[in-house]
Each structure stands twice: as structure tokens, then as C-alpha cells.
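Please read the structure below before turning to the comments.
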Amino acid sequence: MIVFDKPHALIDVPLHYCPGCTHGIVHRLVAEVMDELGIEGKTIGIAPVGCSVMAYDYFNCDMIEAAHGRAPAVATGVKRADPTKVVFTYQGDGDLASIGMAETVHAAARNENITVIFINNAIYGMTGGQMAPTSLIGQVTQTSPYGRDPKLCGYPIKVCEMLRELDGPEYLERVTVNSVAHVRAAKKAIKKAFQNQLDGKGFSLVEVLSSCPTNWGMTPQNALKWIDEKMIPVYPLGVYKDRSATQEGGNK
Amino acid sequence: MAKLTFKSDNCKGCGLCVSVCPKGVLRLANDKINKRGHHPVEAAYPDQCVGCASCAMMCPDCIIKVER
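Chains Z and P are the protein sequences, given in the same order.
Letter by letter, the first sequence follows residues 3 to 254 in our numbering.
Letter by letter, the second sequence follows residues 22 to 89 in our numbering.
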């Protein structure tokens, strides 16, 4: 009996990510969800700019490459043009929380019926480890060699907390993939985000705290520990908004 | 007994699978180098494997197939 194998929706090619980068785990979870929901043939993914720019080479569904940060806008167009398709975006923090913040907030405010997978690794990975809007206070990066100073660079942006205040979005959850238990929880969240879209409920965003061993300057194992020790206290895990659950709860 | 199969050429030797295996089955093969230039993972004690698939769940490159 096969207990575990590569999902069909993930193309069998080597990923270009650095050793120990958890992008690969999230790719696999998205592919597993596509397999389980049987939506591979009608899914259209939107790739971002960033480390995951080549996500279009890895998913076994139609993919579009959006301009930097504009994935939710492209997804909006695709979903409105053909509402029978399942549309998801896969974006990093430099893409979604920085240059693409306007598109993200407005897609959420309009409650577009799309699924957003948001990878937060608190750094710009592809360009070589510069400070991102999500970098932690005191975090050393290429452009904050003495640690992020809030007087100069402000404070980290907490996307789930910020979007929660909007009336639009249907579902917001923050998960991580730094242990087997967290990977299982992350898959559940991603599956719910896709199921919400199939049910026509609206904008679902899953924020995944991810590691960047190369630019954090750590071993892959220590990077996973760093998520536990440093990132989760700043970015607490949990469901930030689940509108239909709240409404059902209110009706009881 | 569980059976592990590795696509060793895609392994990047990050060792996440080694660190999460509850039975200490896996190790990085320091005497081997795959075509990407990494020391790939191998099952040092395959008969200890219980087929929990923790290694496969944490493998970023999805190179592990687990059968039971």
C-alpha cells in the first residue's frame, strides 16, 4: 500500500529552490489539495514575481505569470471571465505585502472568489536577502545589517490582522510548515481555502510562515526552529476570519 | 515492514527528513554525491522504518515514496 507519493498535480521535475526551502512543501500541499478535490483540470494558477516565479513550471495546471504584485488583479480577471474555473495565486511577502499590497487589499475588499496562498518568510529571497515589509524588528538582512530599526524602517506588516478588519474577505488563516503537525494543519487550511472557492464563498487567504535558510544564514533545521522562536510570537498562528463559521455561530 | 524509495538525484541534502524521523532511520550519505552535487539521503536502518511518512511530509523536494 502506498502511504505517500508525489501528487499528480505536481510535475515531476526538480524544484529550483535552495536546499531546505519550505516553498517545496507548500507547492506539494497545494498539489495534494488539487488532487483530492479533483480540480486539476479546471484550475488556473497565477504565479508571482519572487522565488516562486517559476511556479508555472511545477504545477500540472494552466498557469499565468503576473506582473510583480498583480497576481490578485490577474486572478480577478480570470475568475470573472470564467467563473467555472478554480483560480489561485501563489505569492511571497515581497510580492503580496509590498508592491502588490493595493491589489491584495482591494481583491479582499471586493471579496473576489479566489484563493490566495501567501508565503511569508520575512525577507526578499530571490534578490538576495533584502529587508521585506514583513521582516521582524531587529532582523539582520542585507539592507538592515544592524537589524531592522523601527525608527528608520517602520514595523512589520501583519497581513492577516490587517485584512481581518475589512468586511470583504471570507477566510483568513495563518499557518506554518516547520513541523509535521504544522504541515498537516497547513494542508487543512489550504484545502478549506480551495473548498470555499468551489462553494462560491469568496476571498480566502492562507498565510504560510516559511523558512529561507540561505538568506537567514542558517541551516535548514535551525531555520525551522527560528520560525518557532522568532516568527510565531510576532505572527501568531490561527484563523483570523472565517465569516461563514461566524455567521453560523451567530445564528445558533 | 515499510518500504522507502528515494529519487536520490533530486535530493538536495537539506536533512529535514533526517531531523524529523522518529526512529532515526535516515542519514545523509556522506560517501555519495548525486548529480546535483549533494549528499543524498539514504535509509541507514530500513528495517526500523514504521512507515509514518514524516520524512516525506517534510521533504521540500518530494523525493520520498513510502509504502507499507
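Positions of the beta carbon are idealized from the N, C-alpha and C atoms, including for glycine.
Where residue i falls: helix, strand or coil (DSSP)
i: residue 49 (chain P); result: strand
i: residue 58 (chain Z); result: helix
i: residue 252 (chain Z); result: Here residue 252 (chain Z) scores only 48 on pLDDT, less than 50, and its place in the model is too uncertain to base an answer on.
i: residue 25 (chain P); result: strand
i: residue 62 (chain P); result: strand
i: residue 192 (chain Z); result: helix
i: residue 160 (chain Z); result: coil
i: residue 223 (chain Z); result: helix
i: residue 39 (chain P); result: helix
i: residue 125 (chain Z); result: coil
i: residue 177 (chain Z); result: strand
i: residue 107 (chain Z); result: helix
i: residue 64 (chain Z); result: strand
i: residue 216 (chain Z); result: helix
i: residue 101 (chain Z); result: helix
i: residue 234 (chain Z); result: helix
i: residue 229 (chain Z); result: helix
Residue i versus residue j: straight-line alpha-carbon distance, rounded
i: residue 11 (chain Z); j: residue 154 (chain Z); result: 44 Å
i: residue 1 (chain Z); j: residue 48 (chain Z); result: Not covered by the structure: residue 1 (chain Z). The range shown for chain Z is 3 to 254.
i: residue 186 (chain Z); j: residue 200 (chain Z); result: 21 Å
i: residue 36 (chain Z); j: residue 13 (chain Z); result: 13 Å
i: residue 254 (chain Z); j: residue 170 (chain Z); result: Interpretation of residue 254 (chain Z) is limited by its pLDDT of 39, a score under 50 that renders its predicted location unreliable; no figure is taken from the coordinates.
i: residue 205 (chain Z); j: residue 135 (chain Z); result: 22 Å
i: residue 15 (chain Z); j: residue 207 (chain Z); result: 27 Å
i: residue 38 (chain P); j: residue 83 (chain Z); result: 43 Å
i: residue 66 (chain Z); j: residue 46 (chain Z); result: 7 Å
i: residue 221 (chain Z); j: residue 168 (chain Z); result: 38 Å
i: residue 183 (chain Z); j: residue 89 (chain P); result: 21 Å
i: residue 45 (chain P); j: residue 75 (chain P); result: 11 Å
i: residue 225 (chain Z); j: residue 232 (chain Z); result: 10 Å
Residue range of the beta strand (DSSP E) that includes residue i
i: residue 240 (chain Z); result: 240-244
i: residue 51 (chain Z); result: Run containing residue 51 (chain Z): none; DSSP gives neither H nor E here.
i: residue 206 (chain Z); result: 206-211
i: residue 94 (chain Z); result: 88-94
i: residue 86 (chain P); result: 85-88
Short Cβ contact (9 Å threshold) for residue i with residue j
i: residue 161 (chain Z); j: residue 196 (chain Z); result: no
i: residue 115 (chain Z); j: residue 203 (chain Z); result: yes
i: residue 22 (chain Z); j: residue 81 (chain P); result: yes
i: residue 215 (chain Z); j: residue 20 (chain Z); result: yes
i: residue 27 (chain Z); j: residue 177 (chain Z); result: no
i: residue 68 (chain Z); j: residue 91 (chain Z); result: yes
i: residue 61 (chain P); j: residue 50 (chain P); result: yes
i: residue 61 (chain Z); j: residue 33 (chain Z); result: yes
i: residue 70 (chain P); j: residue 77 (chain P); result: no
i: residue 131 (chain Z); j: residue 217 (chain Z); result: yes
i: residue 126 (chain Z); j: residue 240 (chain Z); result: no
Limits of the unbroken alpha helix (DSSP H) element including residue i
i: residue 5 (chain Z); result: Residue 5 (chain Z) -> not in any alpha helix (DSSP H); beta strand (DSSP E) instead, spanning 4-6.
i: residue 79 (chain Z); result: 73-83
i: residue 14 (chain Z); result: Note, residue 14 (chain Z): premise wrong, no alpha helix (DSSP H); not H, not E.
i: residue 122 (chain Z); result: Per DSSP, residue 122 (chain Z) belongs to no alpha helix (DSSP H); it is in the beta strand (DSSP E), 117-122.
i: residue 27 (chain Z); result: 25-39
i: residue 138 (chain Z); result: No alpha helix (DSSP H) contains residue 138 (chain Z), which DSSP labels as neither H nor E.
i: residue 77 (chain P); result: 75-79
i: residue 1 (chain Z); result: Residue 1 (chain Z) lies beyond the stretch modelled for chain Z, which goes from 3 to 254, so this question has no answer here.
Beta carbon proximity, residue i to chain B, threshold 9 Å
i: residue 4 (chain Z); result: The chain labelled as chain B is not found among the protein chains of the depicted structure, namely Z and P.
*Return the residues of the region 27-45 of chain P that lie within a Cβ-Cβ distance of less than 7 Å from chain Z, sorted by chain order.*
31, 33, 34, 35, 36, 37, 40, 41
*Select from the region 71-84 of chain P all residues with a C-beta closer than 7 Å to any C-beta belonging to chain Z, and list them in chain order.*
72, 74, 75, 77, 78, 79, 81, 82, 83
*Residues of the region 44-61 of chain P whose Cβ lies closer than 9 Å to any Cβ of chain Z, in chain order*: 57, 59
*With 8 Å as the limit, tell me which residues of the region 203-218 of chain Z have their beta carbon closer than that to any beta carbon of chain P; keep them in chain order.*
215
_Please identify, using Cβ separations under 9 Å, the residues of the region 8-19 of chain Z that lie next to chain P, in order along the chain._
8, 9, 12, 14, 15, 16, 17, 19
*Looking at chain P, which residues of the region 26-38 of chain Z have a Cβ within less than 7 Å of any of its Cβ atoms?*
26, 27, 30
*asked:* So if I threshold CB-CB distances at 7 Å, which residues from the region 133-144 of chain Z count as touching chain P?
replied: none
*Check each residue of the region 168-189 of chain Z: if its Cβ is closer than 7 Å to any Cβ of chain P, include it; give the result in chain order.*
182, 185
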